[in-house]
Amino acid sequence: DTGVSQDPRHKITKRGQNVTFRCDPISEHNRLYWYRQTLGQGPEFLTYFQNEAQLEKSRLLSDRFSAERPKGSFSTLEIQRTEQGDSAMYLCASSSGTSGGHNEQFFGPGTRLTVL
Amino acid sequence: AQKVTQAQTEISVVEKEDVTLDCVYETRDTTYYLFWYKQPPSGELVFLIRRNSFDEQNEISGRYSWNFQKSTSSFNFTITASQVVDSAVYFCALSIFGTASKLTFGTGTRLQVTL
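From first to last, the protein sequence lines stand for chains X and G. So the first sequence is numbered by our numbering: it starts at 19 and just counts up by one. So the second sequence is numbered by our numbering: it starts at 26 and just counts up by one.
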């Protein structure tokens, strides 16, 4: 049984470049979440998918950020024109459940982004 | 808006001591869920427990126990006979029924257990 996987684990980029991260959730999970965690803080919600539909986006997700989940399987998070303030750990989580359920979310190891 | 407060930034204990991590939450909703997650040095968040707002029974799992009190909006976590492997950052989190189940996390408590 494999857990949530994320790729790459680390990414160093120069300011202004575009980056893309990938998340593969637990296979039977229909919900997928992206969070961002900065040093010394708890994770902050970015966006949420139910199957392939992106149902909610945080105000933290500026127009430079875009996320997709084609076919309701893996997801990608792209950041365009990166800024130094984008440096953080990007966490992906998945869970199962229907609209009323709040099952636990299982987290991946994260992608650490450093913008120089 | 929801808020989770973990006032203890860092706690250091000697192995075998008991330790309690505090969590206070704020919400106007009546149906919600509370969670604890552990983030060891490797970085991956590990789920520990989920509680819904209608279940105030305390729970014990091995050396771990949780005390949920709606009257004080608290969901505290106690580790009995702490071990070095318990060293990690612990996060308390809240989600509101009817939302996307998104979690609102506290800032975490770093627990250091030494020999």
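Note that beta-carbon positions come from the ideal geometry of N, C-alpha and C, so glycine has one too.
Residues of chain X with CB closer than 8 Å to the CB of residue i, please, in chain order.
{"i": "R76(G)", "result": "Near R76(G) there are no residues of chain X at all, since even the closest Cβ is about 10 Å away, more than 8 Å."}
Chain G partners of residue i, CB-CB under 7 Å?
{"i": "Y108(X)", "result": "What Y108(X) touches in chain G: nothing, since even the nearest Cβ is about 12 Å away."}
{"i": "G60(X)", "result": "F116, F130, G131, T132, G133"}
Beta-carbon of residue i versus every beta-carbon of chain X: anything under 9 Å?
{"i": "F79(G)", "result": "no"}
{"i": "S112(G)", "result": "no"}
{"i": "G50(G)", "result": "The question names Gly, but residue 50(G) is Tyr in the sequence shown. Not closer than 9 Å to any Cβ of chain X, the Cβ of Y50(G) fails to qualify, so no."}
{"i": "Y89(G)", "result": "no"}
{"i": "E69(G)", "result": "yes"}
{"i": "V29(G)", "result": "yes"}
So is residue i in contact with chain G if we call contact Cβ pairs under 9 Å?
{"i": "P127(X)", "result": "yes"}
{"i": "Q35(X)", "result": "no"}
Which residues in chain G sit within 8 Å of residue i, going by Cβ to Cβ distance?
{"i": "H120(X)", "result": "Y58, R75, N77, S120, F122, S126"}
{"i": "F124(X)", "result": "F72"}
Which residues of chain G have a Cβ atom closer than 9 Å to the Cβ of residue i, listed in chain order?
{"i": "S113(X)", "result": "S126"}
{"i": "R49(X)", "result": "A125, S126"}
{"i": "E74(X)", "result": "T124, A125, K127"}
{"i": "F63(X)", "result": "A125, K127, L128, T129, F130"}
Taking residue i and residue j to be in contact with their CB atoms under 8 Å, please state how far apart those CB atoms are, rounded to whole angstroms.
{"i": "T129(X)", "j": "R27(X)", "result": "6 Å"}
{"i": "L70(G)", "j": "Y89(G)", "result": "That pair is no contact at about 16 Å."}
{"i": "G60(X)", "j": "G131(G)", "result": "5 Å"}
{"i": "F102(G)", "j": "R76(G)", "result": "Their Cβ separation, rounded to whole angstroms, is 11 Å, which puts F102(G) and R76(G) out of contact at 8 Å."}
{"i": "A111(X)", "j": "V22(X)", "result": "7 Å"}
Mind checking residue i: buried by the 16 CB within 10 Å criterion, or exposed?
{"i": "I30(X)", "result": "exposed"}
{"i": "D54(G)", "result": "exposed"}
{"i": "T65(X)", "result": "buried"}
{"i": "Q102(X)", "result": "exposed"}
{"i": "A118(G)", "result": "buried"}
{"i": "Q31(G)", "result": "buried"}
{"i": "A106(G)", "result": "exposed"}
_Along the stretch 82 to 105 of chain X, where does the CB come closer than 9 Å to a CB of chain G? Name the residues._
For the stretch 82 to 105 of chain X, no residue has a beta-carbon sitting nearer than 9 Å to a beta-carbon of chain G.
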